[in-house]
Structure formats: structure tokens, C-alpha cells
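Q: Chains as they are written, first to last, in our numbering: chain A, 10 to 170; chain B, 511 to 1285; chain C, 55 to 338. Think of the CB as a built atom: it goes at the ideal place given N, C-alpha and C, for glycine as much as any other residue.
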Amino acid sequence: MTGEPVTLRVNGAERPVAAVAPWTTLLTVLRDEFGLTGAKRGCNQGVCGACTVTIDGEPVRSCLSLALNCADRDIVTVEGLVPAGAPAGALAPVQQALAEGNAVQCGFCTPGILISAHALLRRNAPLTVDEVRAGLSGNLCRCSGYKKIVEAVARASEARP
Amino acid sequence: MTPLDTSATGVGASLPRLDAREKVTGRAQYIADMVRPGMLHAAVHASPHAHARILGYDTAEAQAVPGVACVLTGDDFPDGRMGAFIKDEPAIAKGKVRYPGEPVAVVAAEDEETARRAAALIRVDYEDLPVAATPEEAVAPDAPLIHEGLADYFKVFPAICGGNVASETELSEGDVDAAWADCDVIVEGDFETPAQAHLSIEPVGALAEVDAEGRVTLWSANQSVFRVQANVCEALQLPMSKLRCLTPKVGAGFGNKMEPHVQPLVVQLALRTGRPVKLILNRTEDFETVRARHPFKIRCKTGAKKDGTLVARELTAVLDCGAYGDDSPGVLGYSLLMSRGPYRIPHCRASGKLVYTNRMRFGAFRGFGNPQVTFATESQIDEIAGRLGMDPLDLRLKNRMQPGDRWFGGGDVASNGLAECIEKAREASDWARGRALPAPPGKRRALGVAACAHISGLLATGAIVRLLEDGSVVLNTGAVDIGQGSDTVLTQMCASALKVPADRVATASPDTDGSPYNWGTTASRVTYTTGRSVVAAADKVAEQIKRHASEIFECAVEDLELRDGGRVGIKGVPDKELSFFEVSGRAHWAAGGPIVGTDTWVYNQPSVDPKRAIARGLPFPQIGVYSFGCMIAAVEIDETTGKADVVEVWSAMDVGKAINPGSVEGQIEGGFVQGMGFALTEEMVFDGPRLANPSMMDYKAPTSLDAPFDIHSIIVEAAEPGGPFGAKGIGEIGLVPVPAAIANAVAAAIGTRLRRLPLTPERVLDGMLEGGDED
Amino acid sequence: MEFVRPDSIEAAVAALQADGAACLAGGATLVAMMNADLVAPDRLVSLRDVAALRDAIRRPDGTVVIGAMRRHRETAEETDLRDGQRVLSEAAAQIANPPVRNMGTIGGSCAFADPAADYPPALLAADARFALIGAVGRRTVPAGDFFLDWYETALEPGELIEAVILPPAPAGTVGSYTKLARVAGDFAIASVALVLGMDGGACTHLAVAVGACGPAPVRRRDVEAELIGGGLGDAEIRRLTDALAEAFDPVDDVRASADYRRRVAPRMVRQALVEAQQRLSETL
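(1) Is Pro1120 of chain B buried or exposed, if buried means 16 or more other CB atoms sit within 10 Å of its CB?
(2) For Val545 of chain B, count the other beta carbons within 10 Å of its own beta carbon; 16 or more makes it buried, fewer makes it exposed. Which is it?
(3) Between which two residues does the beta strand (DSSP E) harbouring Leu775 of chain B extend?
(4) Name the residue from B:Ser1094, B:Thr1110, B:Val1112 whose alpha carbon lies nearest to the alpha carbon of Pro1104 of chain B.
(5) Under three-state DSSP, which class holds Met10 of chain A?
(6) In terms of DSSP beta bridges, what is Thr63 of chain A paired with?
(7) Enumerate in chain order the residues of its own chain whose CB-to-CB distance from Ala562 of chain B is below 8 Å, with the five nearest sequence positions on each side excluded.
(8) Tell me the rounded alpha-carbon separation between Ala827 of chain B and Glu680 of chain B.
(9) Any idea which residues DSSP pairs Thr1022 of chain B with across the strands?
(10) Can you find a CB in chain B that lies within less than 8 Å of the CB of Gly255 of chain C?
(11) If you measure from the beta carbon of Phe57 of chain C to each beta carbon in chain A, is any gap under 8 Å?
(12) Give the single residue among B:Ala1253, B:Val1274, B:Asp1208 whose Cα lies nearest to the Cα of Val56 of chain A.
(13) With a cut-off of 8 Å, does the C-beta of Pro704 of chain B fall near any C-beta of chain C?
(14) Whole angstroms are fine: how far does the CA of Phe872 of chain B sit from the CA of Pro770 of chain B?
(15) Mapping the DSSP letters down to three states, classify Lys811 of chain B as helix, strand or coil.
(16) Measure from the alpha carbon of Ala297 of chain C to the alpha carbon of each residue in C:Leu250, C:Gly283, C:Arg275, then state which is nearest.
(17) Below 8 Å, can you find three or more Cβ-Cβ pairs linking the stretch 322-332 of chain C to the stretch 223-242 of chain C?
(18) Under the three-state reduction of DSSP, which class applies to Gln54 of chain A: helix, strand or coil?
(19) Within its chain, find whatever has a CB closer than 6 Å to the CB of Arg193 of chain C; leave out the 5 residues flanking it on each side and keep chain order.
(20) With which residues is Glu167 of chain A paired in a DSSP beta bridge?
(21) Am I right that Ala1237 of chain B and Ser889 of chain B are in contact with their C-beta atoms under 8 Å? What's the rounded C-beta distance?
(22) Which partner residues does Ala1140 of chain B have in the DSSP bridge list?
(23) Taking 8 Å as the cut-off, decide whether the C-beta atoms of Asp115 of chain C and Pro196 of chain C are in contact.
(24) Would you kindly work out how many angstroms separate the C-alpha atoms of Val264 of chain C and Pro1271 of chain B, rounded to a whole number?
(25) Terminal residues of the continuous alpha helix (DSSP H) containing Ala201 of chain C?
(26) List, in order along the chain, the chain A residues whose C-beta lies closer than 7 Å to that of Thr1213 of chain B?
(27) Roughly how many angstroms separate the alpha carbons of Leu75 of chain A and Val69 of chain A, rounded to a whole number?
(28) May I ask you to report which of helix, strand or coil DSSP gives Gln1132 of chain B?
(29) For Thr583 of chain B, does the three-state DSSP call read helix, strand or coil?
(30) Chain A beta carbons: is any one of them nearer than 8 Å to that of Asn462 of chain B?
(31) Residues bridged to Phe664 of chain B by DSSP?
(32) Would Arg97 of chain C and Gly74 of chain C be called neighbours here (beta carbons separated by less than 8 Å)?
(33) Using only the alpha-carbon positions, how far apart do Thr34 of chain A and Ala630 of chain B sit?
(34) Which word fits Gly162 of chain C, buried or exposed, when buried means at least 16 other C-beta atoms lie within 10 angstroms of its C-beta?
(35) Of all the alpha helix (DSSP H) runs that stay within the bounds of the stretch 581-654 of chain B, which reach a length of 4 or more residues?
(36) Shorter than 8 Å from the beta carbon of Lys533 of chain B to some beta carbon of chain A?
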């Protein structure tokens, strides 16, 4: 890969890359350089939402984020939803809610949904169904019809301490 | 480890997916996530032409790009042809191209960017041929011939074909022509449905690796490892023993991943380079080249007596096949078989034509032609109800197939929960009150209903159940879980049949080397057909367990029973029992062991009874068992713009037995929203032969804000004799009635019958302004 | 391709003077186009670190200056936008979806100038001006002179948007943005942005701009001026919608036909004006 070196902070860890081309997206670096394949490439146009990660706490499209523009930012992927130090196999509450709520079918959109949901859950008190629907409207799912996903996220928001 | 709630695991429990943890942690591996040592990346050079002769290739510039390992054109591929019904499709264009986007050459390089750059440098010399972009153009007298070799192609059924007509099918019962005279009311109309994109969020891809002996292992996004194996071997003229097909997780298949896409291309590249080769299509390539739901043009006529008794139906359909046959003859035949709907209509004739065009191939898509014909036929049931001043639900109940009635063509129908579906949907939606509810200001509101049926069945399947030395179980079926949850459901069945908890059953990933044949995850068939084999194989394991136990206890096999928790004991003697561990341990040393149960079968109930019906060119002699359903949709229409929104829906579906009710609801809800997209917003727009909106920017599926949250799944269980635990399929039927139910609600709201999908704001507004001519 | 990340406006302008240089704002459009091989700038000038472009300031007179790098989500939640200025926050809240609103910027969106985008009609209705800066200095351009044609703006080569300036909206005016789209978050089939003030049945302020019905948003100031001071009943609204429709120049595309746009946009204007009057009467 041609380009310049960059260090990205992903899931709390500083991760250097020797050379990143200007046009290389964060999604490509996450998947091809770091082996973090949780974020998916569904459309590469920012529409489907399967590549969603948080940057500085906000969900964004990693396929529309150039890697060189992401230096000095905090990036969290689905692999980082469980806090460091948690026991092996631990799940974040939103992961557990989707898994138990039959809200996961093919799973390809799931990492992006989880990131959007995770950001929603950090914001405020119990979420209404319509708040969850609006909050997930940038993540397409072709399997579920959304209902069980919305239910699971709303339920997770109620269960919070 | 955070435990998931798996307290109930057997049949009837909403057990979380076996792979839920893998998927929510982001660890599930899909084809694009796979990496093999020394792997090359491939890219396709696609045809810019719809129909052109290939005069020659110049690949020198592409070959010279540093990092390029291999460039292949049609000249580098064998002459084999593949196709589910008509063997008409080469692995890559040879001699001529037949649609825009058709692969013409492929490149393998050290990385994807290099491969794509090199693919763009390939030069191909073409001689343009006249183009037939639509079925109308393709059947015109001076139309260019798309498949000159059609007559000589191998076909798996007695196809009636010629010119650009790939297949003609006709099915009839009774005397339709005479029956119109007995009708007091006749409705007639032309219906049109567009191409719909499957839009799996995962684009297709494949990875092939060749060993030192020249044997290839192929992973791909697929719905059947066995169809992948057959297609690749036919196209590349390889012995099937030289190709092993496996599957990673599949990011959903709605028919798009059943038949081939890029698998033959990577296999040939791997064979030529000796290195692993991966090819993942980008979204635009996936849109333009994989396949889509057939555009239908339907002429439909239905007649009834004054009292609402349906008398006659005639339906003719013209399907755009696209450039290659794929699953299309099956879609045509199946759609005609569904054209009478779940009703008693004594005189019925359905016929159709499948026409090759210079567009991308069309193929299987959830519903397999049934949503299209159901849109027409269920619209007409409502039109008749309107003409006769009858309640649309009452008219459907009056004419519904009764227990013991046969399907159109004469096929046996052993279980029929339609009446319960209609009654439950009526009750849950509070139909009478709901129809009269006032609309919010600025809106019109109405309920619409549609009933339907769909099959689960078809072709071959099998299962192998093995008892390991410690008494735990391995299930191997070869059925690909495409995300709908079949691994979980089959595991639950196996666990229940052997009375062990589901976590004692390991379910093997499909492997053409080790799994029994499975035609595929399609036709709503896995729960029913594969489930049957799982139960039969598990029963054989149970018999062997009892035989070993009878030798240990020195008792008769008939005196033994399986007990919960993986135990076998003597009936009526609670403390006389053995664990599977003790039995299987012995069986690994004793004659008659180890314990393995296998079952294979082919669905075998005939769909046509020649004494009742005349069938010509029908590709399925045996089709399947029938599920039934009824859906009521509440629709609101904005009076300013004509935009229609579904605000609530009640979907009552007869699944025989819900093995995993949570998964059944998931199929109903997901099927509804995909059908709602088809009804309201989704349309692949063609500019002549070329797709004008091959991106997710321009092609729009519903988001979480467009889908109603209030989707009420109502599970009806009319047990299917012979079905595993009484179960039948649910994969497709939830989508089938959606366009009709929504169209019926729209017609009730605006007073005009719309016969063309999607029901865009433009069409609805036009209908509303025209108004009042609903009859 | 070269990537630079200046940390001041002056440095950004200097970096933009090279041939083939392009501004990278939020990336929501530019990177999507790069991914599709539709553009390949020789130099990407990332504005990420130009802190001055990220602020929104409300001046004492009620003027709001929104930095070009202000993201859609921030504009949607901007409490400094008041009265009729809310037309802009309503528009921002309807752009795409939450992750894209966390990325996309007002400068980036306006510079791309998709005629079906949400900001152009909102800014036109709000009487906004663009503050531009280039090698030769600063200038301001009214929104009506900024959006010129399909994907074409008044930006000169080497020039960038520094801010969008919204004049104060008269107290008591209401701003609204209505969009018709195939699905949530899609670009508009047609959209209506308006700012309305009424006093005892008489129209005191009227600005109506229609999006996605031509190469640039459409507004008829001449007819608006004639309607000021009078009532805003069916006949008056009809005068305005007829005049707007005369100025439409829509096209057929995958979202809708030109013919439908011609027919639906006047209906949307009428409905939006009726609803805005209701909102005004409810707040009295």
C-alpha cells in the first residue's frame, strides 16, 4: 500500500499502519490491515449502514471516512462494544438483547445496528419505539422487518440502571 | 461468558439462534471476511453492450500491470453451459454478450485495487447486434435471436420453446370458455409488476483454492453448496469429485444466491494460477449481474355468480426472462400453479410465456412468481366483492378451499388452515370496526386484505445423525443456513426427537464432501423437507440406541423408551436406565455400532392429476405441501402527495407447527417489509436493456422508519401429516399476499383500482384525483 | 493523490489553489463518489482541523453565522436558530439518517449542490447568504445567486465556503420544511421550505422555496411581495403556486417523473402554507 503512515486509536488501542493511501477508507483499514471484519462493506456508498462505527462516540460511516482523516480520533467497532477487561465471552447489554430477542437473522447488518443502538443507548433514559426507529433509520436490514431489533433495543434501554 | 437464555430448547421454544453470539460479537465470518495464504483478488471486466458479438480481446495492457497474476477471457474457459432448467449459460461470455454488465474477462492480482485497475485496461472488440430489451421487442417478427442454440440446449423438463421464447406453460381445469356464460359478474384487467432487487445486504462473492492434486475447494455466498458444485462443474466441465463446496456465513439469500454468480470465475482463476482467488462484487456489479425478481405482465379475468360463488378464472402471464434461463421456467410454471389461489374455482386456465431479452437474468426471489400473480388475483377477488357489495373477507371465506379439496391441477392438500387464518386476522384487526375508523386529518385510511397459499417442498434432501462416544450428537444435513435460522430449527428437531437439550447437538456446516445431498435453501423447504429427514435419521439413531440398550438390559427393544436428558430406560421401571454416554461408548466397541442414522428422500407427491387437469410445459411434476395465509393491512394515504404508508398489519400464517415461534415471527415480519417495499417503493428502472438505478442511493428499500412497528404475527398451526412435528414452510408465504393486501387497501381508500406496482405517490395521487370508479 | 490537513482557513485556501484540489468536508458525498470512481482529485484538502469553520454564532441582532464544517446533526439541534430561521434546522433534521448527519456538513452539502438536497430551498427561503473565501479575498453571495444549475454553484476555482449567514427572522415568524421522499432519508422528490409571518390575518413575511423541481431551488419573490399585507387564502396561495409552477424545470428520474413533480409541488406548497398558518394561530 502506498501513502503515508498513520496511527489510529481503535477500541482503545493505538494501532499504527505503515502506509495509507489518501483514498483509503477507515473501513478498508479496519478490515484489511487490522483484521477487524465486524464492520461490513454492503454498499461502499454510505447508504446501507453495515460499516457503521463510532468516531468520538458518534456513529458514522467507516466507508465514507478516509483513514488519514481519522488520526487522533477514538474509533469503536462492534469488536469493542464489550469493555476491555470484561471476562471472556461477555456481551454488552445491547448485544445480549439482540441475541435473545430473535433480532439477529443473517447477521450482516448486525454490527452496524449494534453500533447505532449502542450510541442511542448512551444518550438518554428509556427510549420509545419511535426514537429507536429514528435512531436506526440509517441501518438497513433486509431480513428482520426491524420489529424485533427495535423491540430489543427498546428493551435494553429500559433495563439500564 | 454472558449466558443467553436457553432454558427451553426443544420444538416449540423460541431458542436464540445458535450463531447469535458469533453474529453480535462481529466474529461471524462471511465470504468477504475470509483470507487464505497467498490469496489473489479478482475483478471482472463487464460488457458495456447489451447484445454484441465479441470479435477479439486485447489483454496486454492489463497483463502488464505490476501485481497482476492472471487475465482470462472467454477463450480461456471451457465450452460447458449451466442452468437450473435450460443449460444455456456459460461461465463467462463466449462469442457474444447478451446483457449489459455480463462478465467478459476476469483478472486476478495481488490486491483488489490492482485487479480492478487492470480489468479496466482490457480492450474488447465488439460488433453490435440489434437489441431486444423487452419481451414485446423480443417476440416481434424481426427480433434478433438471443440464443441461436436454444433448440439444442439440454433441458431438464419438456420445455416448449422457440425463437426468443424460453418456455411456454399452460395449466387448465374445467371448461373456462363455456363457464363465462354462467357468471353474473366478470372482472378483467391488466396487471404489471416491476423487477425487484433482492438487496441482500451482503453482496455476492466466492473464494476458490486449489490443492497440489488440482482439486478445488470453493467457499461462496450461496443457498446450496450442491447447486454451486453442479453449476461450476457443468460450466467448467469438471468432474464433481474435483470440486468441494463449503459455505461461510451467508449474509442473506432471497433467491439471489441459489443459482450461480461468480463461483465459476474464481474456480477457473484458481485452476490457472494455482493460488487461492477471491472475488467480491461491489454493490453496482451485484445489482447489474446477479439476478432479480421477474417483471410480470398479467392479464386476468375472474367470474362469479350473484351470490359470490367463484366460477371461472383465466390468467395469462408474460415474464421477462432476461438473458439466461436460470430459475425462470420454474418461476413461470409455479406462478401459474398458484393462479387459482386458495379457492374453489371449478373452471380455470392459466398460461404464460417466458421470453429471453437482453437484460440481466431474472430468477428466483422469495415467492417465486406467486406475489406477482397473487397481486392480480387477490385484487380481482376484492373487485368482485365490490361489485357484489359483499364483505371481502366473507367472499374469501365462502370460496375458500375446504379440507380435502385438491390444488389447481389436482395435487393433494393434506392440511389447510386458511379458514383459521382468515378468522384470526379478522378478529385481531377488528376488521368491521377497523374499516370504519376515521382517517387523521389530511389522510385517507383503509384496510385491505389478501389471502394466499404457498408450497414447501421439492426435490432431494437428507440427514445424517451420529452419536459420539460421550453420547452427544452431530447433525449433518447439507442445508445452508442463509440467516433464516434453519440450523437452529433443525437442531431443535433433532434434540426433541432424541430428547436431549439442544446444546448436546452439534450441527455441521454443509460440505459437499461430507454432507448428504440437499437441493438447497429455497422453496420454503428446509424446515419441512430437511426436517423430515432429520426426524427420520434421529429415529434410526433412537432405534439403534434401544437395540444396544436391549442387549445390555437383556430385554426386548419394544420395552425401551427414550427419556429426557439423553437416557434410555425400560418402560415403567424408572431406575432401569442408561445414559447415551453408556450406550454410545459400548456401541463404539460392539457389533452393530457405532450409532449413525441416515435418511434421504425426494419429494414425491404429484402436482398434476391428468384425470383432472391438462398441463403443458410444467417444469415441476412434484411440487410440495401447502401453507396458507391471510393478511390485513391498514394503509394511510397522504391526500396532498398520494404517498401511501402501511401503519399496521396483521399476518396470520399457517405453518403446521412453529418449531421456533420467534423465528417464524421473524420470517413473517421480514417477509412483510420486503413485500411492502415491492408494493410501494422498490423498482429496478430500466433504460432500454440497461439498469438505470444500480445503487442503494437510487434503489430504495424500506428503512426502520418506513416499516410499521405494529406487525402482528399470528401463528396458525394446521398440522401437516408427514411434516416433522407437523411443520411446513414459512420462508416465503409472509411476502406473497403483501402487494395485494396493500393494493386492496389503497383501492378502498382512494376509490380507484391500481394495477401496476409499485404504488408510487404519483400513481396513487392520479388514482385519487381520478377517484370514484372503483368497481 | 495528495492529502493535506491545514489548520487555518488561510492555509486551507492556499492549499486549494493547486489544480485538481478538492475540499474534503464531512466526506459524505466526496468519498462516496471517490469509492464509485466518479472523481479522483489530485489533492484532498481536509478541513477537519480548521476549528473556525465548525462554529455557529448568534450575533446580537439575531443573525446566525454557521461555519461550513457545521454538521447536519448540529444544525438540526441548533438552539440559536429561532423563529423563521428554524426552517434550516427542520431541513437539517431530514437529511439522510443519523450516521450521515453526524458526518455531513452544511458547506459540503451546499458546495455539491444536488438540486434534490435539503439545504438549498431552506437557505433560499431563509434569505441566507454564503460567505466565500478565495485567493483574492472574501465575498458574500445570496443563496439565490449561489445555486446556479445542476451541481453548479457560484464558487470559483480555489474558493471555499467559510460560512452560511442567516439574517434574523422577524419575531413571530415560523419556518418549516416539508419533504416528500420515497423512503426516510432519501433525496427529495419535491420539497417546500417556507418562512411565514402573519399579523391579524395579514401576511407580514412570506418566503417560499421549492426544491427538486429544477436545477436550483425555485422562489418567486415578485409574487411574494404582492401578497405581503393581504390575507393568505386559497386565491392568494393559488397565485403563488401558479407562479412557482411557471418557474419549475423538473426532470424525470428514478425518484419520480417531472410531470408528477409539477403537480405535487404546488399541492405541497399549499398544504405547507395552511399548516404554517395553523402553527402561527396556535402560538398566538
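A: In this structure, then:
(1) Translated into positions along the second sequence, residue 1120 of chain B becomes position 610. Under this definition Pro1120 of chain B is an exposed residue.
(2) Reading the second sequence from its first residue, position 35 is the one you call residue 545 of chain B. When all chains shown are included, Val545 of chain B counts as exposed.
(3) As a working mapping, residue 775 of chain B is identified with position 265 in the second sequence. Unbroken run through Leu775 of chain B is the alpha helix (DSSP H), 773-783; no beta strand (DSSP E).
(4) As a first step, residue 1104 of chain B is located in the second sequence; it is residue number 594 there, counting from the start. Pro1104 of chain B has its Cα closest to that of B:Ser1094, out of B:Ser1094, B:Thr1110, B:Val1112.
(5) Locating residue 10 of chain A in the first sequence gives position 1, where the first residue counts as 1. Below a pLDDT of 50, predicted positions are generally treated as unreliable, and Met10 of chain A, at 49, falls in that range; no measurement from the model is reported.
(6) In the first sequence, the residue the question calls residue 63 of chain A occupies position 54. Looking at the DSSP assignment, Thr63 of chain A forms a beta bridge with A:Pro68, A:Val85.
(7) Taking the first residue of the second sequence as position 1, residue 562 of chain B is located at position 52. Closer than 8 Å at Cβ, skipping near neighbours: Lys606, Val607, Tyr636, Glu637, Asp638, Leu639.
(8) Working through the second sequence from its first residue, we reach residue 827 of chain B at position 317. Working through the second sequence from its first residue, we reach residue 680 of chain B at position 170. Their backbone Cα atoms lie some 10 Å apart in a straight line.
(9) In the second sequence, the residue the question calls residue 1022 of chain B occupies position 512. Answer is none; Thr1022 of chain B lacks a bridge partner.
(10) The residue you call residue 255 of chain C lines up with position 201 of the third sequence. False, the Cβ-Cβ gap to chain B never drops below 8 Å.
(11) Position 3 of the third sequence, counted from the start, is the residue given in the question as residue 57 of chain C. For Phe57 of chain C, the answer is yes, since a Cβ of chain A falls inside 8 Å of its Cβ.
(12) Within the first sequence, residue 56 of chain A is the residue found at index 47, counting from 1. Measuring from the Cα of Val56 of chain A, the nearest candidate turns out to be B:Asp1208.
(13) Your numbering for residue 704 of chain B matches position 194 in the second sequence. No, Pro704 of chain B does not count as interfacial toward chain C.
(14) Here residue 770 of chain B is taken as the residue at index 260 of the second sequence, counted from 1. Here residue 872 of chain B is taken as the residue at index 362 of the second sequence, counted from 1. Looking at the two C-alpha atoms, the distance is approximately 12 Å.
(15) As a working note, residue 811 of chain B is residue 301 in the second sequence. Strand at Lys811 of chain B.
(16) Counting from one through the third sequence, the residue named residue 297 of chain C turns up at place 243. Nearest option by C-alpha distance: C:Arg275.
(17) yes
(18) Start at 1 with the first residue of the first sequence, and residue 54 of chain A comes out as number 45. Looking at Gln54 of chain A - three-state DSSP - the assignment turns out to be coil, as it is neither helix nor strand.
(19) To locate residue 193 of chain C, count along the third sequence from 1; it is residue 139. So the qualifying residues of the chain are Leu186.
(20) Working through the first sequence from its first residue, we reach residue 167 of chain A at position 158. Note: Glu167 of chain A sits in no beta bridge, so no partner.
(21) Reading the second sequence from its first residue, position 727 is the one you call residue 1237 of chain B. Reading the second sequence from its first residue, position 379 is the one you call residue 889 of chain B. In fact, because the Cβ distance is near 31 Å, the residues do not count as touching under 8 Å.
(22) On the second sequence, residue 1140 of chain B is found 630 positions in, with the first residue counted as 1. Note that residue 1140 of chain B corresponds to Cys in the displayed sequence, not to Ala. B:Ala961, B:Ala1162.
(23) In the third sequence, counting from the first residue as 1, residue 115 of chain C sits at position 61. In the third sequence, counting from the first residue as 1, residue 196 of chain C sits at position 142. Not a contact, by the Cβ cut-off of 8 Å.
(24) Position 210 of the third sequence, counting from 1, holds the residue named residue 264 of chain C. Position 761 of the second sequence, counting from 1, holds the residue named residue 1271 of chain B. Using only the alpha carbons, I get a separation of about 18 Å.
(25) Sequence index remark: in the third sequence, residue 201 of chain C carries index 147 (1-based). The question names Ala, but residue 201 of chain C is Phe in the sequence shown. Looking at the DSSP string, Phe201 of chain C is not in any alpha helix (DSSP H); the run it does join, the beta strand (DSSP E), is 201-203.
(26) By one-based count along the second sequence, residue 1213 of chain B stands at place 703. The contacting residues are Ser146, Leu149.
(27) On the first sequence, position 66 is the one that residue 75 of chain A refers to. On the first sequence, position 60 is the one that residue 69 of chain A refers to. Whole-angstrom Cα-Cα distance: 12 Å.
(28) Residue 1132 of chain B sits at position 622 when you count from the first residue of the second sequence. Gln1132 of chain B falls in the strand class under three-state DSSP.
(29) For the purposes of this step, residue 583 of chain B is taken as residue 73 along the second sequence, with counting starting at 1. Reduced to three states, the DSSP call for Thr583 of chain B is strand.
(30) In this structure chain B extends from 511 to 1285, so residue 462 of chain B is not present and cannot be described.
(31) Taking the second sequence and counting its residues from 1, one reaches residue 664 of chain B at position 154. In the DSSP output, where bridge partners are listed per residue, Phe664 of chain B has none listed.
(32) Within the third sequence, residue 97 of chain C is the residue found at index 43, counting from 1. Within the third sequence, residue 74 of chain C is the residue found at index 20, counting from 1. For Arg97 of chain C and Gly74 of chain C, yes; Cβs fall inside 8 Å.
(33) Residue mapping note: residue 34 of chain A aligns to position 25 of the first sequence, counting from 1. Residue mapping note: residue 630 of chain B aligns to position 120 of the second sequence, counting from 1. Cα to Cα, the separation comes out at about 21 Å.
(34) Stepping through the third sequence from its first residue, residue 162 of chain C is reached at position 108. The residue is buried, with at least 16 neighbouring Cβ atoms inside 10 Å.
(35) 622-630, 645-648
(36) By one-based count along the second sequence, residue 533 of chain B stands at place 23. It does: the Cβ of Lys533 of chain B has a partner Cβ on chain A nearer than 8 Å.
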